[in-house]
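Down below is the structure, laid out as structure tokens.
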Amino acid sequence: MEMLSGAEMVVRSLQDEGIEHIFGYPGGSVLDIYDAIFQCSDIEHFLVRHEQAAVHMADAYSRCTGKVGTVLVTAGPGATNCITGIATAYMDSIPLVVISGQVPTNWIGDDAFQEADMIGVSRPVVKHSFLCRTAQEIPMAIKKAFYLASTGRPGPVVIDLPKDVQNPLLKFPYEYPKSIELRSYNPTLRGHKGQIKRALTALLAAKKPVLYVGGGAIISNASKQIIELAERLNLPVTNTLMGLGAFPGQHKQNIGMLGMHGTYQANRSMHNADLIFSIGARFDDRVTNNVDKFCPNAKIMQIDIDPTSISKNIHVDLPIVGSIEIVLQQMLVLLDETQASNDSEKINLWWDQINEWRAKKCLAYKTSETYIKPQQVIESLYKVTNGDAIITSDVGQHQMFAANYYPFKEPRQWINSGGLGTMGFGLPAAIGCKIAHPEKTVCCVTGDGSIQMNIQELSTCMQYKIPVIIVLLNNRSLGMVKQWQKMFYGGRQSHSYMDSVPDFVKLAEAYNHIGIKVDKIEELEPALLRAVELKDRVVFIDIAIDPEEHVYPMQIKFGSMEDMYLSKTERTDA
Amino acid sequence: MRSIISVLLENESGALSRVVGLFSQRGYNIESLTVSPTNDKTLSRMTITTEVTDVETLEQMMKQLHKLVDVLRVTELTEGPHVERELMLVKVRTLNGTREEVKRCVDIYRGQIVDITQHLYTIQLSGTCFKLDAFVTTLEETSEIVEVVRSGVCGIARGEKALRG
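For the protein sequence lines, the chains are B and R, in the order given. Taking the numbering used here, the leading residue of the first sequence gets 123, the next gets one more, and so forth. Taking the numbering used here, the leading residue of the second sequence gets -11, the next gets one more, and so forth.
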């Protein structure tokens, strides 16, 4: 049997796991592993400028491919810098393996230099974690980590490796485990037949059904089944922020995103539905608005692989635990067997109602002579990329504009931090996506607040020549904070105004990238087109937008789903 | 409502902190918690007593516990017939002329005096937590309680029902 050191086992195990790319930052406690990486040609390592960005890159790499993202960092600050990234992945159920160095085992607990209890610090935001006390434990820990990260409800897994465990001088027999079984971990994949039958019966009997599709549908690659089910029964489909792309954005049965900044038709359809079929969504507070007023007349059905997601915020009448793809496939087979259908007349009446709501054109906006509107930017971006780009985003107004004005054709095309809402996610996410898909156009839609939270990664782009496009909707303020302050805090702009935004064009140029400033509407499309056509350079487009623009529709706090502000002057309940 | 949750989990370092962390993270309340390895040394058995406001919270709590990778089985004991016991050691200072009265109390509650000094008794008592509470109240009337240590509740279902790996 081959003899390897702990450090070599880490790298070999990653190779045996089929890992091609890792994101990381070296330091004292992982030098031995970095030395082993240096001697390995199969794994490409990307050196970031801040560990948080490494985790976001691995996270987005995973979101756009379905593979597990891998991170390697040193002990102490290297490890703690990862926490925001890990929490981001945890909230959105993204599979990651984060390997952190640790001080030698005999120093643990002594407040050694760069010691931090990574297992303890990360505990609330990981699916599971391992601390290896001997080199021989490493292959099994890595095997288990990848298995746990990627199965069931996916999530991040941390492996903490003390420095002495990596010792390059001590060699042990190495064998990578072929398979794995954990007696305490058995996710349910196939749905309960009786429940599926009952769910199908209810779905066929519904007069006003809505399919409410979330990020779980993307994770389990269930788009095909959702489209088939929706088309066969002519059902309206709404996507959550995390579910965008799971059902094609331009499909005639797509009624848009739902929730806080969802469309008028989606929110009204939900509220007035007699049946809501939740597919990989979790009744988040940004969807439900006031839970006591949530969809009063609807029977609620839910498929989720995680039993804790069922009846957590909203009571579910008909739960099905299982993988979305498998359960929907079971349901479609059953639909074939029974040859049943729903009452198309009733469904048509429901569509008449929905189309009436649609006619309100809630996403229409007023253009201006003086300012570029953020909505125009996203619409132009859609046009010049033909709707085929991978769009990553940060968090704030720009995120909502991107979500509502770029109808995503496919799953894994829209990459954003939905659950944790992490500013600073967008740029490293774009880098991770571009590494995974060099042939695709990758755009980071961002704001002047968010971009400055991980802007140092322009340097990573420079080092590895990763040509992403940055579309900065620059309103010289923290737009979403300002919107809330205008609406609910008497217009007092407490610390939401950034009175010293840098010259982003010069900043981009400092990293040898191309910077373009856009102030006028006629410059917008040519600039975006140039960025898309320049395939081998980072292009940073700083677009001055209307600083007073708000995101609408917007649900009214404490109201039901259908209570919304539609513009600065119009609300549904007025 | 009071619940007793039994948990069977991997006897591994970090497993306990995951359970305790879950309770604080989700805002659940722990009244008592006991944990020890079982006859199978690879498994630990934990008994948690908790106050919950409603059945839904209890259900969510049990699902969250089950979701922990280390956890094999989770069950609630108070919904069926069960046996629950807690062990208590109490050190009391007997006041003027009450030494005999304290001893009688111990006998009535079927406790044992496990250590004595001229002025102190150390008493061992097991039973339900309610019995232990009652005993402490009784003792307070006749003596000065110096210290109390309680093990927390451990429980098991009656009859055929069993929690096994």
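Where is the CB? At the ideal position from N, CA and C, for every residue including glycine.
Option nearest Pro589 of chain B by Cα separation, candidates B:Ser135, B:Met620, B:Ala395 and B:Lys562:
B:Lys562
Top-ranked residue by Cα proximity to Ala327 of chain B, from B:Val279, B:Ser466, B:Trp229 and B:Ser433
B:Ser466
Note down, in chain order, all residues in the segment 2 to 21 of chain R with a beta-carbon under 8 Å from any beta-carbon belonging to chain B.
Gly2, Ser5, Arg6, Gly9 and Gln13
Buried versus exposed, by CB contacts within 10 Å (16 or more), Glu447 of chain B
buried
How should Val43 of chain R be labelled, buried or exposed, when 16 other C-beta atoms within 10 angstroms of its C-beta is the threshold for buried?
exposed
Listed by chain order, chain R residues near Leu270 of chain B by CB distance under 7 Å
Val57
So, is Lys604 of chain B buried or exposed, given that buried needs 16 or more other C-beta atoms within 10 angstroms?
buried
Glu491 of chain B to Ile638 of chain B, Cα distance in whole Å?
21 Å
Could you tell me whether the segment 140 to 152 of chain B touches the segment 521 to 530 of chain B, where touching means 3 or more Cβ pairs closer than 8 Å?
Contact fails: fewer than three Cβ-Cβ distances are below 8 Å.
Distance cutoff 9 Å, beta carbons only. Does Thr694 of chain B sit that close to anything in chain R?
no
Check whether the segment 48 to 55 of chain R touches the segment 81 to 94 of chain R, counting contact only when three or more Cβ pairs, one atom from each stretch, lie closer than 8 Å.
no
Could you tell me which of B:Gln137, B:Tyr212 and B:Thr196 sits nearest to Leu542 of chain B, measuring between CA atoms?
B:Tyr212
Between His250 of chain B and Val279 of chain B, how many whole angstroms is the CB-CB distance? I'm expecting something under 8 Å.
5 Å
Opposite Asn376 of chain B in the DSSP bridges: which residues?
Asn376 of chain B is bridged by DSSP to B:Val359.
Could you check what DSSP says for His54 of chain R in three-state terms: helix, strand or coil?
If DSSP states are grouped into helix, strand and coil, His54 of chain R belongs with the helices.
Can you tell which of R:His107, R:Thr26, R:Arg33 and R:Glu39 has its C-alpha closest to the C-alpha of Thr82 of chain R?
R:His107
Using 10 angstroms around the beta-carbon of Gln585 of chain B, count the other beta-carbons present and answer buried if the total reaches 16, otherwise exposed.
exposed
Going by beta carbon distance, what residues of the same chain come within less than 8 Å of Arg73 of chain R, once the five residues before and after it are set aside?
So the list reads Ser114, Gly115, Thr116, Val141, Cys142 and Gly143, once near-sequence residues are dropped.
Test item: CB-CB of His178 of chain B and Thr544 of chain B under 9 Å:
yes
Please name the residue in B:Gln607, B:Leu218 and B:Ile476 whose C-alpha comes closest to that of Lys330 of chain B.
B:Ile476
Can you have a look at Gln174 of chain B and say buried or exposed, based on whether 16 or more other CB atoms are within 10 angstroms of its CB?
buried
For a contact meaning CB atoms closer than 7 Å, what does Glu(-2) of chain R contact in chain A?
This model lacks chain A altogether, as its protein chains are B and R.
Does the contact criterion of 3 or more C-beta pairs under 8 Å hold for the segment 123 to 132 of chain B versus the segment 257 to 274 of chain B?
yes
Does the beta carbon of Lys29 of chain R sit closer than 9 Å to a beta carbon anywhere in chain B?
no
What does the Cβ neighbour count give for Asp695 of chain B, buried or exposed, with the cut at 16 atoms within 10 Å?
exposed
Indicate whether Phe294 of chain B and Met125 of chain B have their beta-carbon atoms separated by less than 9 Å.
yes
Element boundaries [alpha helix (DSSP H), containing Val134 of chain R]:
Premise fails: Val134 of chain R lies in the beta strand (DSSP E), Ser131 to Arg138, not in any alpha helix (DSSP H).
Against chain R: residues of the segment 537 to 564 of chain B by CB proximity under 8 Å
none
Just checking, does the segment 334 to 348 of chain B make contact with the segment 365 to 374 of chain B on the three C-beta pairs under 8 Å criterion?
yes
Three Cβ pairs or more, each shorter than 8 Å: is that satisfied between the segment 473 to 487 of chain B and the segment 506 to 516 of chain B?
No, the segment 473 to 487 of chain B does not touch the segment 506 to 516 of chain B.
Residues of the segment 217 to 251 of chain B with a CB closer than 9 Å to any CB of chain R: list them in chain order, please.
Sequence-ordered contacts of the segment 217 to 251 of chain B with chain R read Ile241, Gly242, Arg245, Pro246, Lys249, His250 and Ser251 [C-beta pairs closer than 9 Å].
Pro429 of chain B: contacting residues in chain R (beta-carbon distance under 8 Å)
Lys51, His54 and Lys55
For His70 of chain R and Glu148 of chain R, the rounded distance between their alpha carbons
11 Å
In the DSSP assignment, find the beta strand (DSSP E) that holds Arg(-10) of chain R and state where it starts and stops.
Arg(-10) to Glu(-2)
Looking at the structure shown, is Lys266 of chain B part of a helix, part of a strand, or coil, going by DSSP?
Assignment of Lys266 of chain B by DSSP, reduced to helix, strand and coil, places it in the helix class.
Given that a residue counts as buried once 16 or more other Cβ atoms are within 10 Å of its Cβ, and exposed if not, what is Glu135 of chain R?
exposed
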